[in-house]
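Residue numbers (this note's numbering): 6 to 333.
Idealized CB from N, CA, C, for every residue including glycine.
Let me begin by presenting the structure, written as C-alpha cells, before commenting on it.
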Amino acid sequence: MGLKRYSAAIIGATGYAGAEAIRLLQGHPQIEVTVATSERAAGEALRAHCPWLDADLILRAPDLATIQADVFFLCQEAGYALTHAPALAKRAKVVDLSADFRLKDPAEYTHTYGREHPGFEHPWTYGMPEVTGREAIRAAQLVANPGCFPTATLIALMPLVRAGIVQGVPIVDAKTGVSGAGRAKRETDHLLAELLDATKAYGLPRHRHEPEMEQLCGPVRFVPHLLPMSRGILATIHLDVAGPVRPVWEEAYAAEPFVRIVDAPPSTKQVRGTNRCDLFVSQTDSHATVIAVIDNLVKGAAGQAIQNANLMLGLPEAMGLPTHGVWP
Ligand SMILES: NC(=O)c1ccc[n+]([C@@H]2O[C@H](COP(=O)([O-])OP(=O)(O)OC[C@H]3O[C@@H](n4cnc5c(N)ncnc54)[C@H](OP(=O)(O)O)[C@@H]3O)[C@@H](O)[C@H]2O)c1
Numbered sequence: 006m007g008l009k010r011y012s013a014a015i016i017g018a019t020g021y022a023g024a025e026a027i028r029l030l031q032g033h034p035q036i037e038v039t040v041a042t043s044e045r046a047a048g049e050a051l052r053a054h055c056p057w058l059d060a061d062l063i064l065r066a067p068d069l070a071t072i073q074a075d076v077f078f079l080c081q082e083a084g085y086a087l088t089h090a091p092a093l094a095k096r097a098k099v100v101d102l103s104a105d106f107r108l109k110d111p112a113e114y115t116h117t118y119g120r121e122h123p124g125f126e127h128p129w130t131y132g133m134p135e136v137t138g139r140e141a142i143r144a145a146q147l148v149a150n151p152g153c154f155p156t157a158t159l160i161a162l163m164p165l166v167r168a169g170i171v172q173g174v175p176i177v178d179a180k181t182g183v184s185g186a187g188r189a190k191r192e193t194d195h196l197l198a199e200l201l202d203a204t205k206a207y208g209l210p211r212h213r214h215e216p217e218m219e220q221l222c223g224p225v226r227f228v229p230h231l232l233p234m235s236r237g238i239l240a241t242i243h244l245d246v247a248g249p250v251r252p253v254w255e256e257a258y259a260a261e262p263f264v265r266i267v268d269a270p271p272s273t274k275q276v277r278g279t280n281r282c283d284l285f286v287s288q289t290d291s292h293a294t295v296i297a298v299i300d301n302l303v304k305g306a307a308g309q310a311i312q313n314a315n316l317m318l319g320l321p322e323a324m325g326l327p328t329h330g331v332w333p
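This is the structure:
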C-alpha cells in the first residue's frame, strides 16, 4: 500500500516564502501542492512568475472559501491571516507565516503592526518545535510560524534562559539578506545600487521582532542589519552567563534533527537551502559570544512551516526537509 498523501494550498505562491514552500514540497514524499494562489497573477502559470520552480501549476485566485486542501500555508503580509485564518482553521490545518498570531498580547500587536487585532478567541499555537515542544503543535489547527530573527535568536537563547544561566540583558546584533524584506518591496534601500558594498542598521528603536523574542526569552536588545546577500541570517548574541553554554545546548539539542553545534564561527552559506540552525559559542568566564545562522527562507519561514505541518498532520517531523547546504 502506498503512503497516504496530503494536499497543500500555498496562499501567496509567487512571494519568496510561498515559492520556497513550493520548492521544498516538490521533494516531500507525502505532501503535494495541489493549489497555488496569486491575487495579481491568477490564471497564469506559476512558472511565468517563478521560473526556478519545476512545477506545472496554474495560479488560482485566493478565493479561500472554494479551495479544498488538508493544509493551508498562508504566505501573505501581516493582516491577511487575521481575516482568513480563523474560518479556514475550522476545516483544515493552517500554518500562518505572517506575524498575525505570533504575539499573545493584542495591545502589543496593535502597537507593533499598527492595526487592531480582533482578539484571540480562536485557539492557535506558536510553533518552533525545538523551543516550544511538539505536543501543542501536533494538536493545533492554526500554527503561527515564527519570525526569522526570533527563530535564530530563540534557538540560541532559550535553553540558556531555561537553565537559569543568563545574566543581564542579551544584545542581539543580527544580519540579514535582502530576501527577508520580501519580493513585493519597492523601497530604495533594496535597489542593487544602494545595497551593494554597503550595510546598515534598520528597525530602530524597536524592531517588530523584538516583542516576539521577548515574550519567550525576556528582555533583549535587538538591532538588525541589512547585508548585500540574497539569503541568510546571522545573529551574534553577546551575553553574560553564570555557567558554560555549550553543555546546556548539547543537552537540550542532543536529539534535534535541525540544530547543530559547530566548532568554528559559522557562515550563513553553510545553512543555505537547509532547515538547519547552526550554533557556535566563544566563552571566556562569564562572557559568551553566541552565533546562530539560519536560512531566513527555510528555517526562518517555509522550512519551519513544513516542519510544523508535518507535526500537525502526524508525519515524521523532518520529512522532506533538507539538511545539506548549497555551496558555494
Ligand atoms: N521573506 C522572509 O524571509 C520571511 C521570513 C519569515 C516570515 N516571512 C513572512 O512571510 C510572509 C510572506 O513574505 P514574503 O517574503 O514571501 O513576501 P513577498 O515576497 O513580498 O510576497 C508576498 C505577496 O506579495 C505579492 N507579490 C510577490 N511578488 C510581487 C511583486 N513583484 N510585486 C507585487 N506583489 C508581489 C504576492 O501576492 P499575490 O500574487 O497574491 O498578489 C506574494 O504572495 C510575510 O508575512 C512575511 O513577514 C517572510
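Item: Curious, which full-length alpha helix (DSSP H) runs of at least 4 residues does the stretch 235–265 contain?; Value: 250–258
Item: Do residue 21 and ligand 1 come close, with the Cβ less than 6 Å from some heavy atom?; Value: yes
Item: For the stretch 70–85 against the stretch 301–321, do three or more pairs of beta-carbon atoms, one drawn from each stretch, fall closer than 8 Å, so that the two count as touching?; Value: yes
Item: Hey, is the stretch 240–258 in contact with the stretch 178–191, meaning 3+ C-beta pairs nearer than 8 Å?; Value: yes
Item: Tell me whether residue 306, by its Cβ, gets closer than 6 Å to a heavy atom of ligand 1.; Value: yes
Item: Residue 149 by DSSP, collapsed to three states: which one?; Value: strand
Item: Kindly provide the ranges of any beta strand (DSSP E) runs that are 3 or more residues long and lie completely inside the stretch 99–149, ordered along the chain.; Value: 147–149
Item: If we ignore side chains and look at the alpha-carbon of each, how far apart do residue 123 and residue 132 end up?; Value: 21 Å
Item: Under the rule that 16 or more other beta-carbon atoms within 10 Å means buried, what is residue 184, buried or exposed?; Value: buried
Item: Which of helix, strand or coil does DSSP assign to residue 190?; Value: coil
Item: Please classify residue 254: is it buried, with 16 or more other beta-carbons within 10 angstroms of its beta-carbon, or exposed?; Value: buried
Item: Please name the residue, chosen from 111, 147, 118, 67, that lies closest to residue 92 on a Cα-to-Cα basis.; Value: 147
Item: Does at least one heavy atom of ligand 1 sit under 6 Å from the Cβ of residue 261?; Value: no
Item: Tell me the rounded alpha-carbon separation between residue 26 and residue 273.; Value: 20 Å
Item: Could you give the distance in angstroms between the alpha-carbon of residue 152 and the alpha-carbon of residue 160?; Value: 12 Å
Item: Can we say the stretch 43–51 touches the stretch 61–71, given the rule of at least three CB pairs closer than 8 Å?; Value: yes
Item: Tell me whether the stretch 188–195 and the stretch 164–172 touch, counting them as touching only if at least three CB pairs, one residue from each stretch, are closer than 8 Å.; Value: no
Item: List the endpoints of the continuous beta strand (DSSP E) containing residue 15.; Value: 11–16
Item: Just list the beta strand (DSSP E) runs in the stretch 58–83, keeping only unbroken ones of 3 residues or longer that don't cross its boundaries, in chain order.; Value: 76–79
Item: Counting beta carbon pairs with one atom in the stretch 211–229 and one in the stretch 95–113, are three or more of them shorter than 8 Å?; Value: yes
Item: Cα separation between residue 313 and residue 322?; Value: 7 Å
Item: Along the chain, where does the beta strand (DSSP E) that runs through residue 233 open and close?; Value: Counting along the chain, residue 233 falls outside any beta strand (DSSP E), and DSSP gives it neither H nor E.
Item: Give the range of the alpha helix (DSSP H) segment to which residue 212 is assigned.; Value: Where residue 212 is concerned, there is no enclosing alpha helix (DSSP H), given that its DSSP letter is neither H nor E.
Item: Per the DSSP calculation, residue 178 is bridged to which residue(s)?; Value: 228, 241
Item: Would you check whether ligand 1 has a heavy atom nearer than 6 Å to the C-beta of residue 17?; Value: yes
Item: May I have the straight-line CA-CA distance separating residue 86 from residue 223, to the nearest angstrom?; Value: 27 Å
Item: State the start and end residues of the unbroken alpha helix (DSSP H) segment that holds residue 25.; Value: 21–30
Item: Would you check if the distance between the CB atom of residue 42 and the CB atom of residue 18 is smaller than 7 Å?; Value: yes
Item: What's the gap between the Cα of residue 191 and the Cα of residue 305?; Value: 22 Å
Item: Taking only three categories from DSSP, how would you classify residue 326?; Value: coil
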